[in-house]
Amino acid sequence: MYIRGDHAEVVVGGRLDVRSAADARTVLHSAVDDGAGDLVLDLSELDSWDATGLGVIMGAHRRAGRCGRRLVLRGVPPQMQRLLVATRLHRILAIEGGIGVESLPRV
Numbered sequence: 229m230y231i232r233g234d235h236a237e238v239v240v241g242g243r244l245d246v247r248s249a250a251d252a253r254t255v256l257h258s259a260v261d262d263g264a265g266d267l268v269l270d271l272s273e274l275d276s277w278d279a280t281g282l283g284v285i286m287g288a289h290r291r292a293g294r295c296g297r298r299l300v301l302r303g304v305p306p307q308m309q310r311l312l313v314a315t316r317l318h319r320i321l322a323i324e325g326g327i328g329v330e331s332l333p334r335v
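Note that the sequence shown covers residues 229 to 335 in the working numbering.
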């Protein structure tokens with residue numbers, strides 16, 4: 229997993245899973261705490277994730293809300309879009325461009 233960016237936009241690539249969760253959490257919390265306005269989380273380079281990775285994203289979302297900020301997901305891979313719809317998290321998280329639920333392939 230790698231993360232690059234600043235307090236306004238963060239790009240997450242590789243795997244966001246139990247092995248990388250602690251590092252990702254630290255970087256995202258710092259980005260939330262050190263900035264103002266929307267924090268864009270670009271997931272277009274994300275290869276895979278697990279429940280722990282999704283938990284990191286949700287934790288950053290909650291922390292941003294407590295700081296008066298909004299976490300905005302950009303470039304959400306189709307597989308993650310399906311997961312967000314299945315868990316109804318697409319109704320909670322801000323997703324740039326939204327998710328066209330009807331256009332997602334059925335699993």
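Quick reminder that beta carbons are idealized off the backbone N, C-alpha and C, glycines included.
- Per DSSP, the continuous beta strand (DSSP E) segment holding Ser272 begins and ends at 267-277.
- Residue range 237-244 is occupied by the beta strand (DSSP E) that includes Leu244.
- Apart from sequence neighbours up to five positions away, no residue of its chain approaches Ala314 with a beta-carbon distance below 7 angstroms.
- For Arg232, the closest of Asp245, Gly296, Thr254 by C-alpha to C-alpha distance is Thr254.
- In the three-state DSSP reduction, Ala264 falls in the coil class, being neither helix nor strand.
- Assignment of Leu321 by DSSP, reduced to helix, strand and coil, places it in the coil class.
- Looking at the DSSP output, Val300 bridges to Val268, Ala322.
- Taking C-beta separations shorter than 7 angstroms and ignoring five residues to either side along the sequence, the partners of His289 in its chain run Leu299, Leu321, following chain order.
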